[in-house]
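Below: the structure, in structure tokens.
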Amino acid sequence: MANLTLREAFINHKFILVEEMLKENSSSYKELSNWDQSYLVTEALKHKSFRITFTLIDQKLVETDLFELDHFSGSFIETVFGNIPFYSQPVSAFNYEILSKEEPNEEAMNFLEKFASAIENIDETISNTTILKWALVKRMPAKAIEILIQKGCKVNEIDASENSLLHLDLPEEYFGLLINYGLNVNHKNKGNVTPLQKAIDAGNKKAVQTLLENGADPQHKDNRGNSMFYVALVDKLNYDIYDLLCEFDSPNFDETNTDGVSMLFEYIRRLDNYSSENSLRYLSKMLDQGADLTHKCLYYGSPTTPLDIAITKNFAVFEIVLNHLYADINEQDDNGNTLLHKVCNVNLNFEAEKAKDIYKKVKLVLEKGADISIRNAQDKLPIDLASNDNLKEKTVQLLLKQNQ
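Residue numbering for the sequence shown follows my numbering, beginning at 1122 and increasing consecutively.
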């Protein structure tokens, strides 16, 4: 065995021999390729031969001053941090949830504490990252994160875009830890994005809950003037997160964004013939929560209500809306048009299949008490508007029956 080279020794996991060889002939480590140097460290850590790491440090064979590194990736420090055996197997995005339920290996935690003490300028930013940020992204155990903070890593670091560590997509236990160290849950980055919006964007419901429990503001407006309720429901269609937000606050359905539209308006506008049952269910929920169908928004520069937009949607959407309409069914707009006028005036664009939808809508409006005798500002009856399109023949016949 004494005739083994250093490379042969660590490949065969003879780590006691490796340690002796490093002490007796430190140059043998420098003669290894970069890959073999990293492999030696990786294998030693995998087998919990922690003394190898400190032998390398004591023999001044590796750099432990973060400030002196040109880059973090591939460095000795990164190699060590990336291979500490906290769990029964290496952590990945696929097994983190399972492994995180394990109690981190005590021997590995003790090693981390000692190794972190050996790093100079541990709070230094290098290659646009820090050790703490790297450790969070790599899902080191929460206890390991605490050790790094206690050893000098700055928890309140802000990157070039003014993101805090709470802007990272992390498991919820990290959010609680970072918040306990004083991070502001409502800190805005240069894009006016808060950690709550980042968590919503990532669909991280547990992180959203932790942030809300610690005072995150669901009424915060993004650069388009949309609240976090809007982001969750309209932009992300994340019904679970919307429900969670509603447990902490109520949406303001009257406010409009920079485009001049409300949350309800835009939600209805985006509905199509392929909208899911959940989409329709949450339309009902918003209306049950008090969203106003007659609140005027600006749409292509013209005052338009959510009700106006619903008229152009399929019957399933229109039926839900009409069943939540508490305004006078015969109320006239600035042009004298009633709801019945507007339904009869929908442009079918030569699409025959839409004619039945119009027929069903008119029938429903009539059942709700619509008056067919009201004339608009152009002295037009609803039937006059329907008569302009041959595809609406059945609708015209339905209206004629009302006169009998």
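No residue lacks a Cβ here, since even glycine has one placed at the ideal position from N, Cα and C.
Following the DSSP letters along the chain, one finds Tyr1360 inside the alpha helix (DSSP H) bounded by residues Tyr1360 to Phe1369. Taking 4 residues as the minimum length, the alpha helix (DSSP H) runs contained wholly in the region 1135-1219 are 1136-1145, 1148-1151, 1155-1167, 1172-1179 and 1197-1204, in order along the chain. Burial state of Asn1470 is exposed, judged by a 10 Å Cβ sphere holding fewer than 16 other Cβ atoms.
Selection Gln1180, Trp1156 and Ile1504 evaluated against Ser1194 yields Trp1156 as nearest (Cα-Cα).
For Pro1427, the uninterrupted alpha helix (DSSP H) run begins and ends at Pro1427 to Ile1432, by DSSP. In this chain, the alpha helix (DSSP H) harbouring Leu1408 covers Glu1398 to Asp1409. Residues Thr1185 and Ala1239 of the same chain have their beta carbon placed closer than 8 Å to that of Ile1178, with the five preceding and five following residues left out of the count. Contact between Lys1169 and Glu1129 is absent: CB atoms are separated by about 21 Å, not below the 8 Å threshold. Glu1398 and Lys1235 have their alpha carbons spaced roughly 56 Å apart. In this structure His1288 is buried. Its beta-carbon is surrounded by 16 or more other beta-carbon atoms within 10 angstroms. As computed with DSSP, Glu1241 is found in a beta bridge with Asp1186. In this structure, Lys1475 lies away from Ile1432, with their beta-carbon atoms at least 7 Å apart. In this structure, Val1258 is the residue among Gln1271, Gly1273 and Val1258 with its C-alpha nearest to the C-alpha of Leu1286.
Residue burial is scored here from C-beta neighbours: Arg1260 has at least 16 other C-beta atoms within 10 angstroms and is therefore classed as buried. Annotation for Cys1465: the continuous alpha helix (DSSP H) segment containing it runs Leu1460 to Cys1465. Going by C-alpha positions, Ser1396 is about 11 Å away from Tyr1403. Counting the other Cβ atoms within 10 Å of the Cβ of Glu1488 gives fewer than 16, which makes it exposed.
Ranked by Cα distance from Ile1321, the first of Glu1293, Leu1304, Ala1437 and Leu1299 is Glu1293.
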